[in-house]
Structures are given as structure tokens and as C-alpha cells.
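Input: a single structure, listed below in C-alpha cells.
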Amino acid sequence: VFVSHGLVDGLWRGVQQSWDMAATTVQLLGRMLMGEASVKNLSGPLSIADYAGQSAKAGLTPYLEFLARISLSLAVLNLLPLPMLDGGHLMYHLFEGLSGRPVSEWWQRQLQRVGALVLMLMMALALSNDVARFAGWH
170 VFVSHGLVDG
180 LWRGVQQSWD
190 MAATTVQLLG
200 RMLMGEASVK
210 NLSGPLSIAD
220 YAGQSAKAGL
230 TPYLEFLARI
240 SLSLAVLNLL
250 PLPMLDGGHL
260 MYHLFEGLSG
270 RPVSEWWQRQ
280 LQRVGALVLM
290 LMMALALSND
300 VARFAGWH
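In the working numbering, the protein residues as written are 170 to 307.
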């Protein structure tokens, strides 16, 4: 069902929906970290391509909604406090603002290594979840 809203109301509803989706993404990530939700919820490129195809077949509006959800999820993930992501850079700036000095190069290198490892593990997990889904293993 298509419902038409005025410009201001439509923009406000879009902001509310975006905020709700971002909050849900953060909550799910937190629940996965705490062991309260399965890491099988992580999807990788194969699932994303599959969902994109399904939404495109359903029509332009579902496809655009899917693209918006993916963009918002990636924006939230980009704010994770990992050094090579924007969230990591924000953490460096926060540290510098609070301590009055920058993070040492040695610490930056160590944090980069850990952050790269965490990202690679997340990507490998997401891809293995995709393979398991498509192979019918879970």
C-alpha cells in the first residue's frame, strides 16, 4: 500500500525510520558481542547480492528501500571504533581531546593491526555464513 505524505512529514518519517534502523543495527551488534544473538545473523556479499535481486524483482520501491537499509547498515558499521574506520579516527580525536596529546605512532600501529584482524575476521565470518546459507548448512 502506497501512502503519500507531505514534504516535511515525509522527511520526518524518513529520519525516524533511519534512526530506528540504525538503533536496531547497533542493538543487534551489541547482542552478538554479548552472546545474546547468533553471529549467524551476519550477512556477507553473497546474501546481500541475493537480497538485492529479490528486492529488485519485487519492484523499484522495495529495491530502493533495500539500498537504503544497506547504506545505513554500512554507515553504522563505519562508526565502529576500529582504527581504519571513521569510528576509530573519532576515538583517536577523542583521546587527543581528553589527554591533550595524540595517540603515539606505536599504539596506532598496534591498534591498526588489531583492527585489521577484527575486520578480516568479521568479513570471513560473514562470508562463511553466506556459504553455509546457500549450501543449506544453516
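Think of the CB as a built atom: it goes at the ideal place given N, C-alpha and C, for glycine as much as any other residue.
Buried versus exposed call for residue i [16 or more other C-beta atoms within 10 Å across all chains shown]
i, result
"D299", "buried"
"G305", "exposed"
"P214", "exposed"
"P231", "exposed"
"S311", "This structure gives no information on residue 311, because the portion of the chain shown stretches from 170 to 307."
Distance CB(residue i)-CB(residue j) smaller than 8 Å
i, j, result
"L294", "L211", "yes"
"P252", "Q281", "yes"
"L241", "S297", "no"
"K209", "H307", "yes"
"V195", "V245", "yes"
Straight-line Cα distance separating residue j from residue i
i, j, result
"M201", "L180", "32 Å"
"G269", "G256", "19 Å"
"A206", "L229", "32 Å"
"R182", "S173", "11 Å"
"W276", "M260", "13 Å"
"L290", "G175", "45 Å"
"R319", "L263", "Absent from the model: residue 319. The displayed extent of the chain is 170 to 307, so no value can be given."
"V184", "L197", "20 Å"
"V283", "A237", "30 Å"
"L267", "M292", "32 Å"
Residue i CB to nearest heavy atom of the ligand FAD below 7 Å
i, result
"L197", "The ligand FAD is not part of the structure shown, which contains no ligands of any sort."
Sequence-distant residues of its chain with Cβ nearer than 8 Å to residue i (five each side left out)
i, result
"I217", "I239"
Nonlocal neighbours in the same chain, by C-beta distance under 6 Å from residue i, ignoring five residues either side
i, result
"S224", "P231, Y232 and F235"
Cβ neighbours of residue i in the same chain (closer than 7 Å, five flanking residues each side left out)
i, result
"N247", "L254, D255 and G256"
"A165", "Residue 165 cannot be examined here, being either before or after the span of the chain that is shown, 170 to 307."
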